[in-house]
Amino acid sequence: MPDRLSRSTGLRPPWELLRELLPLRSSIAVRRFAGHAVHATQLERPLRIVHVTDLHVGRVTPMRVQFEAAALANAAKPDLIALTGDFVCHGQRYLDELREVLARFEGPVYATLGNHDHWSGSREIRQVLRKANIEVLDNAHTVVEIAGQKVQIVGVDDAYTGHADVKKAVRGLHHDLPAIALSHIAEEAESLWEHGVPLVLSGHTHAGQVTVAGLNEMIFGCVIGHRYVHGLYGTRQTGPPSGAVYVGAGIGAAVMPLRVGQRAKREVTIFELGLPPGSIDEEHGEQPGHAGRPPTARKQAQRAAKVVRNQQKRDQAAHRTRRK
Ligand SMILES: [Fe+2]
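Just so we're aligned, residue 689 is where the sequence shown starts under the working numbering, counting upward by one.
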């Protein structure tokens, strides 16, 4: 879909040109959105944030796809790249491949972890990210200066495995500076909005991977109980504490590679912070969220216990290796 800039200048966006040059038809959608109205009042010039989530580097997702995602992110000429977790699938077997993929992103790059990272070993995955010059925000925030403009990046650790602490992440946040947040789990957004963060980028659902006939909304929204399944939710208008959250469709998968439906396509998302909502053509506007159903205490405990259990297995395996 041509945007206003393309129509007025006759130039095509760089990511569309790159896609034509790629040898195989792209399986990755590039979706573009304006930021929150508050950002338009805070920024003198727009900042371009590229969001990529759920790489799941491993056996299920071809490296060609991973490299294409990085190339599309770079082709957008971002001021900053945001990665919102699930870098691996079920273990540490593909950390070399992860290094190779991460090295392709042209920074600055900021990241938060997802549930698969905690289950696979958060210490080792953080190390890989940091060696790739990616700043991992574990319930913390940082101020980034881009071309003379400051923006705050808040990172919330994974809520699915019980590692999220929004209060800690926003402590000391400057309310006169623009802010966005990264959180693998989108449901953390409401708490972030209350603390003055108007736009949250997230992942985890992979858009449900099958979006035909609203199947993803039915399963992930109604059956599993997610409030937010894929795309933009909330509001980008100024007003009482409120905000928007974007759930990216992600790039990879941990179990099933199948993706069916336009909205299920792998995705690189561009956010133009500082451009008011409605000023550019967008894939869709804000959608109403589902009622949502938080996990029971028992379910939450099971997810957290899996992190501990997996770490014990890795420790035992390392101990056996040392004794040999
Ligand atoms: Fe994921």
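Positions of the beta carbon are idealized from the N, C-alpha and C atoms, including for glycine.
Check, Outcome
"Is any heavy atom in ligand 1 found nearer than 6 Å to the beta carbon of Asp1003?", "no"
"Please state whether DSSP places Phe755 in a helix, a strand or coil.", "helix"
"Give the list of continuous beta strand (DSSP E) stretches no shorter than 3 residues that lie fully inside the stretch 869 to 947.", "887 to 890, 919 to 922 and 932 to 935"
"Who are the Cβ neighbours of Leu768 in its own chain at under 6 Å, not counting the five residues just before and after it?", "Ile737 and Pro796"
"Would the stretch 835 to 851 count as touching the stretch 799 to 815 if we require 3 or more Cβ pairs under 8 Å?", "yes"
"Could you check the C-alpha separation between Gly746 and Glu905 for me, to the nearest Å?", "27 Å"
"Under 6 Å from any heavy atom of ligand 1, does the C-beta of Asp846 make it?", "no"
"Give the range of the beta strand (DSSP E) segment to which Arg719 is assigned.", "Ile716 to Ala722"
"In the DSSP assignment, find the unbroken beta strand (DSSP E) run with Lys838 in it and report its ends.", "Gln837 to Val844"
"What residue from Gly836, Glu812 and His914 has the CA that sits closest to Phe775's CA?", "Glu812"
"When DSSP labels each residue in this structure, what does Thr830 get in the three-state scheme?", "strand"
"Could you tell me if the beta carbon of Asp805 falls within a distance shorter than 6 Å of some heavy atom in ligand 1?", "no"
"Along the beta strand (DSSP E) that carries Thr800, what are the first and last residues, could you check?", "Val797 to Thr800"
"Is Asp774 a contact residue of ligand 1, with contact defined as CB to any heavy atom under 6 Å?", "yes"
"For Ala985 and His851, I'd like the C-alpha separation in whole angstroms.", "14 Å"
"Which first and last residues belong to the beta strand (DSSP E) in which Ile822 is found?", "Ile822 to Val824"
"Out of Gln897, Leu783, His829 and Gln837, which has the shortest C-alpha to C-alpha gap to Gln950?", "Gln897"
"Applying the criterion that 16 or more other CB atoms from any shown protein chain within 10 Å of the CB defines a buried residue, is Val943 buried or exposed?", "exposed"
"Going by beta-carbon coordinates alone, are Leu961 and His727 separated by less than 7 Å?", "yes"
"Whole angstroms is fine: what's the gap from Arg924's alpha carbon to Lys855's?", "22 Å"
"Are the stretch 985 to 997 and the stretch 782 to 792 touching by the rule of at least three beta carbon pairs closer than 8 Å?", "no"
"Roughly how many angstroms separate the alpha carbons of Ser967 and Ala722, rounded to a whole number?", "7 Å"
"Enumerated in chain order, which unbroken segments of the alpha helix (DSSP H) with a length of 4 residues or greater are wholly contained in the stretch 953 to 997?", "none"
"Could you check what DSSP says for His739 in three-state terms: helix, strand or coil?", "strand"
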